[in-house]
Every structure is written in C-alpha cells, then in structure tokens.
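Working notes, beginning with the structure itself.
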RNA sequence: GGCGAAGUAGCUCAGCUGGUUAGAGCGGUGGAAUCAUAAUCCAUAGGUCGGGGGUUCAAGUCCCUCCUUCGCUACCA
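Numbering (the working numbering), first residue to last: 578 to 1099.
Rendered as structure tokens:
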C-alpha cells in the first residue's frame, strides 16, 4: 500500500489574469506531485480559484460586469493556464461551487459549536472609496488633518457588526504546535516570522462582513458573508469531500503540503491551523512558502510595465523550456529572477546542448550503425559500470532525496551532473571510432548510453513531462518502467530482444533564440 | 522603531554542526575531437568570501559593530 500524498497550490484570487507567479507555483507544485506519483505514492493534487470577496466585486463593477460573470471568465483563464502548462491537477476547485459553500458553512458551524464565534462590532478606520478597513499605523495625515489610507483615500471611524473568531484562544496551542512540528512551516525564515508574529499576541479575527454580499452566507446570519479567507482555506478540505465522509477525504486529509507564496504564509500557518483546531480536524503536515519571481531583479508591477504573461513565455519558448528554467534556476523557497536571455541561456545549455544533444548523438549512432535495433551488451567494462552506477545513483537516490526536501533546483543540478558524465563517457569511448576497430565494444557502449539516457529521461519527467515522454516514446521504453523504482531494473535486454527498432531520431529541444522584436509588448 | 533574511569569481549562485591550496554552472581563454541540434570533451580563469573589530591552534563558517538590499510587523487578498 502506498502512502497517500495530498498537495495543493494556493487557491488563486482571480481578479486578474494569471501572472508568472501563478504559473511558477503551479509548475513547482506539479513537479512535486508528478514526482510523488512516479515514486509510487497515491497522489491528490488540488488547485483552483478563490472567487469571493470585496475585490472581485469591485473589479467586476469597475468593468461593468456581473461579479459572477467575471469569476467565470477569470477562473477559466486559470484553468487554461493549467492545461497549457501541463499541470496534472486532480481537482480544479472554485469557491463559488455549491459543494464548497456547503463545506464552508459546515466548518463555520463547527467553529460555532466549539464556542469560538461571537457576534460583536468591528470598529476601525474605513475608506468608503476602497471599501476597506485600515489599521491606524497604515494611515497618513492629509491636508487639514484628514486621515488618509495608504491609497490616499479619506477614511473615517466606522462601526460594523461582525462575527469574530476567538483566534486569541489559539495563541499558545499554535506555538506548541510549531514547536512540536518543526517541519510545519518551511522554509525556516518563514517559520521564524510566523512564530514571532504569534508570540506578539493574537487578536480575535473578524470573520464576517455585512458591507457586501459576494461570498458564502453565514449560517443563521443571512446578512453576513464569511470572511474570504475562512472560505478560501476551506477549499483544501471541500476539494476532497468535506463535510461528507468520502473515500478521498479519509484517504488524503490531512494534506501533506500546501504550496503557497510567501505573502500568504500567515493565513496558512496561523488562521488555517487555528480554524482546523477549532473544528476538531487534523492540521496539514507542511506549509511551504515559496519566493517571488523578479523580472531582471526587479519586482513586477503594472506601473513598471514589466508584468509578463506566462502563456506568452510558454508559447515563445515552449512549455517545458519554461518549466525547466523556473525549476532549475530558482532555488525553491527563495526569490528568483528571470529574463528572456536567462531562459534562453539556461535551456540551450542544459536541454539543447547537453541533454538533447546527448540523446540525439547516441540515438543517431544506433540508428545508423545498428539499423535502429538496440545493440547487444557484450560484457560491461569498468567505465561502463562506473557510468551506470553514477546515473543509477542520481536517479534512484539523489533526485528523490532532493525532492523530499522540495529542493527541485538541486535535483536538476545533480541530474545535469549525470548528463555531463554521459557526454564525457561518449567522448572517451568514441563509439564512432570503435565502429571499425571493435564493433562489439561499440555496441556495448551504445547500449550503456541508451540505458543511461532512458533513466535520465525517466528521472526528469516531473520537470519536463511532455519532452521526457516524447523521448521515452522514441526509445520504446515501456510505461511500467517509467518511474523511479523500475528505472534501474533490467528492462533493456527484453526491449532489445523484443526487436524494438528506433526511427530516425528527432531533436526534442531546439536551440532557442531571442525574439527578433524586443519589447514589442511594452 | 522591533524581529528576521541576505551581501562569496564578470554573471547566477553552492558552501551542513568552524580545519589541508574557497567550489559549480554560464561567460572568457587555450587545446582535443568530429558521432551529434557548430552541439561535445579536457585544461584554465589568481575572487581582501560587504567594511571594521573580536574569540580560537584554526573562521565565508561563531561573537560584536557599521554599511547596503530585502522580508515580516494582522483583518484588500
């Protein structure tokens, strides 16, 4: 029996089209999900859109649309993004779905039953224009002593009826939980921030709004809608059946890991666990806050005009090139920088020149010198053994170990080292020269390379699933071998003896070039 | 202001609990090879490890201080 693995992205807020950050998160999460599947785990991968809340309402109004229509449209862009980027999510959830409303109301009732909800008044500085409350410390002094919001809009002291969640009650339980589960918040820098924040004291949380109605209705208080975060976080459990006692629910909760951006760590490491404690449900095992992507080292913003559409990048360079770049170049958990030049350099060096060319030269030699039939092995030399051992170790031990640490860039780094070793081996063995001097030795060398390349292709599937599959198809590697446990088994001889014949090899990773028109989108 | 992270070769970064000549990739330079997507392989590049001080037989690796950049400091999400 394989241990279930439940992983989620954050549930994206779709008041705009997906940006590169959404793509990055989806890709990273997908790579982990794919790895776990290939590692024999039973995986559930959930993503989706968080469509309630004030901002959606405002955005729709600004566009002169119905909020519902905007949500439908925007959510569809996120769904398309997942399809385009080869995101292997099992469920794409929308918080506007009926079952989700039911789940949110169910968790609400649990919080209420725990005595953690009470009706009170929310008081604060409210900006009518922003339709938002601001903390005293955020305000600035305008002309004539008028207090202004960070957006420069006037604010006034306002009182609103609101349900409150007794977050303060969970201050110590949360701290205890962090201490007892050191892996709960990662990376460590995020954990430090969270612990300090909680140690600083928790105030009860306003968890309902009456100022707008785009949300989940509070049971028994129909003029209130639930605070969007309470509703959004609930997606992680409604996605797999909660409140019903479904098979998925029993199998997959608690989640193995929530992959989120560093900007929403608090919601996932303070509010969410507190809600779950109150509801009497187990807590997720890990929350991982990844970094942001910077454009040439600068924050992306609309005013700088450096916001990049991930779909454009995928179209320009290819889905797998984009996936590879992001996972290889950005150390997971830290901020990363990207630029068209960086993508091109990385992908050309690693995928086209090193790995792609390795596959191409090897398969071409087999195609030309063996009529495409997989060559026989006439006894391995020490060099062959050393290469097989190196590649086998990388594939079966090092890459999985880095994946368990969610260190994808390091997994790809060791993968590249194995690729380098293969290229060095080709040059030393020079099978093209052996063709005349020692044909049997040439066959053994090519067979050794074939095995290594197949293993490397199997290992790299989580990162570049489309290209890896194409290569493995060209090589005739059976589906049941394409995983981490069977990659190193003895599948080669049966395949060769079965008479498999490769066709004229096709290059998989074309060398990329800078688009001729630079800055056309500006 | 408080708390935290980071500052290492031209560029992007590795360097865990301190220990022989500080590492990788890319770029640059010089060779080799020609099977392959002119791709590959080998060798090499003399960076005060942000500044200063300290602890130690020994410090990017610990302590103090200063400089720079960044994050968090709750109810928009």
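Heads up, the beta-carbon is just placed ideally off N, CA and C, and yes, glycines get one too.
Checking the sheet assignment: what are the DSSP bridge partners for residue i?
i            : result
residue 1101 : The structure shown does not extend to residue 1101, since the chain is modelled only from 578 through 1099, so no value can be given for it.
residue 697  : 739
residue 782  : 742
residue 820  : Partner(s): none; residue 820 has no beta bridge.
residue 924  : For residue 924, which the question treats as bridged, DSSP gives no partner whatsoever.
residue 670  : 625
residue 861  : Answer is none; residue 861 lacks a bridge partner.
residue 870  : 913
residue 734  : 702
Would you check if the distance between the CB atom of residue i and the CB atom of residue j is smaller than 8 Å?
i            : j            : result
residue 600  : residue 861  : no
residue 835  : residue 804  : no
residue 1049 : residue 1059 : yes
residue 1080 : residue 866  : no
residue 816  : residue 678  : no
residue 691  : residue 739  : no
residue 819  : residue 939  : no
residue 901  : residue 870  : no
residue 912  : residue 868  : yes
residue 1043 : residue 972  : no
residue 702  : residue 734  : yes
residue 1181 : residue 806  : With the chain covering only 578 through 1099, there is no way to say anything about residue 1181.
residue 1019 : residue 946  : yes
residue 952  : residue 1023 : yes
residue 1021 : residue 960  : no
residue 781  : residue 745  : yes
residue 1089 : residue 934  : no
residue 899  : residue 891  : yes
residue 786  : residue 802  : yes
residue 622  : residue 666  : yes
residue 732  : residue 698  : no
residue 995  : residue 965  : no
residue 889  : residue 986  : no
Using only alpha-carbon positions, find the residue among the options that is nearest to residue i.
i            : options                   : result
residue 992  : 1075, 1033, 1051 and 767  : 1033
residue 754  : 764, 766 and 771          : 771
residue 917  : 894, 747, 762 and 958     : 894
residue 872  : 598, 593 and 579          : 598
residue 975  : 1076, 988 and 823         : 988
residue 1003 : 981, 1030 and 978         : 1030
residue 532  : 831, 842 and 837          : Because the chain in this structure spans residues 578 to 1099, residue 532 falls outside the shown range and cannot be described.
residue 680  : 977, 808 and 639          : 808
residue 1077 : 1053, 1085, 1084 and 1089 : 1053
residue 777  : 621, 825, 583 and 747     : 747
residue 1086 : 932, 967 and 1046         : 932
residue 1082 : 759, 943 and 923          : 943
residue 896  : 919, 846, 1040 and 758    : 1040
residue 1155 : 579, 608 and 644          : No answer is possible for residue 1155: the residues shown for the chain start at 578 and end at 1099.
residue 779  : 731, 846 and 759          : 846
residue 1071 : 1084, 1061 and 1055       : 1055
residue 743  : 854, 1016, 909 and 1017   : 854
May I ask you to report which of helix, strand or coil DSSP gives residue i?
i            : result
residue 887  : helix
residue 955  : coil
residue 1000 : helix
residue 1098 : For residue 1098, the predicted structure reports a pLDDT of 36, less than 50, and the residue's modelled location is therefore unreliable. A value from the coordinates is still provided. Residue 1098 falls in the coil class under three-state DSSP.
residue 1078 : strand
residue 1089 : coil
residue 992  : helix
residue 1106 : Residue 1106 lies beyond the residue range present for the chain, which begins at 578 and ends at 1099; the question has no answer from this structure.
residue 702  : strand
residue 894  : helix
residue 1018 : helix
residue 906  : helix
residue 651  : helix
residue 724  : strand
residue 804  : coil
residue 599  : helix
residue 789  : coil
residue 1083 : coil
residue 833  : coil
residue 582  : strand
residue 1054 : coil
### Query
Is the region 580-600 touching the region 616-631 in the sense that three or more CB pairs, one from each, lie closer than 8 Å?
yes
### Query
Between the region 646-660 and the region 610-618, are three or more C-beta pairs nearer than 8 Å?
no
### Touch test, the region 776-791 against the region 629-646, Cβ-Cβ under 8 Å, three pairs minimum
yes
### Task
Tell me, please, whether the region 758-771 touches the region 634-651 by the rule of three or more beta-carbon pairs shorter than 8 Å.
no
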